[in-house]
Amino acid sequence: MIAASPTNVRGADAPSLAPQSPWPHRVAWLLVLCTVIGTVGLGATVTTLGAGMAFLDWPTSGGENMLAYNFFNDIKLGHTDKVLEHVHRLAGATTGLLAIALVASLWFLEPRRWVRGLGVAVLGMVIVQGLAGGLRVTEISTALAMLHGHFGACVVAAMFVAVLVTGRSWANSPRGRETPPVRTVQWLTGAALAVLVLQYALGGMVRHFGGALFEHLGGAVLVGLLAAAAGGAGLATGERFLRWNAAAVLGVLGGQLVLGMLAWATRFGVAAVGTVAVQHSPLQIISRGGHTVFAMLLLSALVCQWLRARRLATGVDSSETPPPPAARSVASSVSVNRLPTAAGVAS
Ligand code: HEM
């Protein structure tokens with residue numbers, strides 16, 4: 001019988017099944033950067049300018065194959081709405097191709113089955129997101145446009161999780177530190193996420209229907225307090241594995257609050273200080289689009305911080321660890337998937 005190795009006992013610091021190749025991590029980064037800067041940035045601008053219905057058809061654009069459509073004519077004619085919507089569609093197609101590349105790189109190079117499953121889930125979400133965007137056009141539905149924006153945030157967060165778990169810092173992170181400060185980070189981050197979901201719904205009402213303005217402002221106070229506490233608690237643990245993520249939560253939160261105030265001032269004006277809203281001014285386009293993008297980044301940063309805190313707090317289980325050398329040499333006939341653990345035989 002093989003003795004339980006310290007590497008598969010809950011609570012131990014141990015190397016886990018490490019990524020074998022840096023490529024899935026690189027592809028995940030490329031996917032998230034192209035999606036946030038390209039597809040989401042353009043999509044947010046399309047919504048701000050009310051250009052989502054520039055074409056009444058989908059997946060064709062103006063009756064033509066999307067890939068063959070000549071939008072240079074629209075540039076010459078100054079049809080900015082068509083140019084933006086078309087390039088947003090092309091950026092979405094690029095996101096789809098990169099999501100396929102992520103699945104392929106994970107399939108061939110990633111040893112952890114659940115990470116390969118995550119890649120497939122990301123691809124599935126990208127497909128659903130594309131369909132929601134298309135249906136928003138064919139059904140002429142503002143509610144679907146809102147859903148498309150909100151689900152887009154979930155897709156981006158899932159992509160950031162793919163970046164996180166394919167990285168070396170995840171594989172080499174310390175484990176079994178179920179200390180009160182780490183637990184506090186987990187609780188505060190979870191609470192901030194719960195309130196953020198409600199704030200998202202209210203923000204969508206403001207953006208797409210011009211309502212729930214003051215409710216959204218109240219939500220901003222709650223999200224602001226909880227996310228600041230979560231970020232501060234993350235920094236206070238002194239854990240290297242949490243530090244950068246916590247700083248990102250605080251930085252993105254600060255940016256989101258400033259962009260929210262600018263979006264408000266440029267869309268609705270502020271009578272008290274004599275600010276008048278100028279429809280489609282550059283500052284309005286930047287602040288409204290930026291507020292959408294930063295909301296996604298805040299969601300992603302909080303999700304990643306929660307996962308990091310959870311990983312720190314929990315121990316290693318046998319499915320994550322490479323088989324101990326003894327198991328390979330002494331008992332090569334025993335399946336390493338069925339090594340005895342502290343909790344019994346793992347299946
Ligand atoms: C952390 C706090 C905040 C979060 C998480 C948040 C989130 C959001 C979200 C998700 C949207 C909808 C975006 C979309 O559907 O594409 C939105 C819209 C909006 N938010 Fe916030 N928000 C926050 C703070 C604020 C603050 C402090 C203000 C103003 C003082 C504000 C003003 C607005 C306005 C005016 C819109 C509509 C923008 C538009 O029409 O394009 N938000 N917010």
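Counting from 1, one number per residue, gives the positions in the sequence shown under UniProt numbering. The beta-carbon is built from N, C-alpha and C at its ideal position, and this holds for glycine as well.
Residue i burial status per 10 Å Cβ neighbour count (16 or more: buried)
| i | result |
| --- | --- |
| Gly119 | buried |
| Phe72 | exposed |
| Ala343 | Because the pLDDT at Ala343 is just 40, under 50, the model does not fix this residue reliably, and the point stays unresolved. |
| Phe214 | exposed |
| Thr138 | exposed |
| Thr45 | buried |
| Asn65 | exposed |
| Leu97 | exposed |
| Phe108 | exposed |
| residue 353 | It is not possible to answer for residue 353, since the shown part of the chain is limited to 1 through 347. |
| Val126 | buried |
| Lys76 | exposed |
| Pro22 | exposed |
| Arg113 | exposed |
For residue i, three-class secondary structure by DSSP
| i | result |
| --- | --- |
| Ser61 | strand |
| Thr35 | helix |
| Ala3 | The predicted model places Ala3 with a pLDDT of 36, which falls under 50 and marks its position as unreliable; any figure quoted below should be read in that light. It is coil, neither helix nor strand. |
| Ile100 | helix |
| Pro19 | coil |
| Leu84 | helix |
| Gly167 | coil |
| Asn70 | coil |
| Asn172 | coil |
| Ile127 | helix |
| His280 | coil |
| Leu196 | helix |
| Ile286 | helix |
Per DSSP, the bridge partner or partners of residue i
| i | result |
| --- | --- |
| Thr275 | Val270 |
Heavy atom of the ligand GTP within 7 angstroms of residue i beta-carbon
| i | result |
| --- | --- |
| Ala228 | Summarising the ligand content, the structure contains the ligand HEM and does not contain the ligand GTP. |
Integer Cβ distance of residue i from residue j, believed to fall under 8 angstroms
| i | j | result |
| --- | --- | --- |
| Val40 | Met205 | The Cβ separation is near 20 angstroms, so there is no contact. |
| Met159 | Leu302 | Wrong, their Cβ atoms sit about 15 angstroms apart, outside the cutoff. |
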